[in-house]
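Take a look at the structure below.
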Amino acid sequence: MTPGEELETLVTIVRRQNPFLRAAAGAVALYRERISPRLPRTCAYDETCSEYALRQLTERGLMRGGWAAFRRYRNCTAATAERLSPSSTR
Amino acid sequence: MSWLDKIIDAIVSWIRRCIPVYNPAAWNDNDGIQFNNNCYNYACDVQTGTYAQPGRASGHLRPAPFTCQGVGPAAQWDGLRAVDCDRGCGCRDCCHKVALVIAPGPGFNDFHWYRLDRSGGWSHKPGGTPATNLDNSGNPITDPRTADRGAYTVFCGCYCVCKGKVTIN
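Chains as they are written, first to last, in the numbering used here: chain D, 1 to 90; chain F, 1001 to 1169.
Rendered as structure tokens:
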């Protein structure tokens, strides 16, 4: 997700009136802005969990999007990283 | 520092707790710890004092000659997970990344491991010698794929070492 796309996503969410959705998107945006840059890459997926969460919240709303984001986080393990890796040799 | 900064620092520290700190003093005692723990111990951040070998703990020790196809799967039997070097080890698991390289010979055939430290740099411990964050040219290791690895010219790939899920000996 490019910075422009991310901003567009946030604007889309802010325009909606649901304060819980705005709070959830704000928390994800805060993570992406302030926490993620201070960490080495941890996500097993190409599209990171926070990118995915923002996209899902925008496209599917708080409940369904939030649930999808939670499931994605639950599945973001080393086993998933191995399954997605072309260098898995065993 | 605002309360928000403190919360953010706490979250960052909590997430980074899984990644080992580069602390060569814990390994370089010029005695038992240094001589009885090798690159595999150091990469996995476990001091067994047995000069650990990939696959030995799980009963899948591969004899020489050492190749990526032999050592890598042996390490996976110990619990390491093969990953793309440009990918993470998963947001949910408590893991750090290591890299396997091979000296293919002829003459010198061996394997070697590097690990990614909390600082974002890589470090290693060649056999019973001291742990260091420098490559063979004396430069800090920012990426083991491009570092001067000396005789270890074959880069096999990266693996994840997850706390509580890896057993070495």
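For each residue, glycine too, the CB sits at the ideal point set by N, CA and C. As the structure is a prediction and not an experimental result, all values here were calculated from the model.
Item: Closest Cα partner of Cys1156/F within the set Pro1063/F, Trp1027/F and Val1083/F; Value: Val1083/F
Item: Cβ contact (3+ pairs, closer than 8 Å) linking the stretch 1098-1106 of chain F and the stretch 40-56 of chain D; Value: no
Item: Those residues which DSSP pairs with Val1101/F across a bridge; Value: His1112/F and Phe1155/F
Item: Cys1064/F vs Tyr1040/F beta-carbon contact at 9 Å; Value: The amino acid occupying residue 1064/F in the given sequence is Ala; Cys does not appear at that position. Going by C-beta atoms, Ala1064/F is not nearer than 9 Å to Tyr1040/F.
Item: Distance between beta carbons of Arg1062/F and Gly1070/F, contact taken as under 8 Å; Value: 4 Å
Item: Contact set between the stretch 25-55 of chain D and chain F, restricted to residues whose Cβ is under 7 Å from the partner; Value: Arg34, Ile35, Arg38, Leu39, Pro40, Arg41, Thr42, Cys43, Ala44 and Cys49
Item: Cys1158/F beta carbon less than 9 Å from that of Trp1090/F; Value: Reading off the sequence, residue 1090/F comes out as Gly, not Trp. Contact: no.
Item: 8 Å Cβ shell around Ile1007/F - same chain, five flanking residues per side excluded; Value: none
Item: C-alpha gap between Val11/D and Asn1038/F, whole angstroms; Value: 53 Å
Item: Beta-carbon proximity check, Ile1033/F vs Cys1068/F, cutoff 9 Å; Value: no
Item: Within-9 Å CB hit, Glu82/D to chain F; Value: yes
Item: Alpha-carbon spacing of Ala1052/F relative to Cys1044/F, whole angstroms; Value: 10 Å
Item: Neighbour flag for Cys1039/F against chain D, beta carbons, 9 Å; Value: no
Item: Bounding residues of the alpha helix (DSSP H) (the contiguous stretch that carries Val1012/F); Value: Trp1003 to Arg1016
Item: Three-pair Cβ contact test at 8 Å for the stretch 1007-1022 of chain F versus the stretch 28-42 of chain D; Value: yes
Item: Ala79/D - containing alpha helix (DSSP H), residue span; Value: Ala78 to Leu84
Item: Listed by chain order, chain D residues near Cys1160/F by CB distance under 8 Å; Value: Ala78, Ala81 and Glu82
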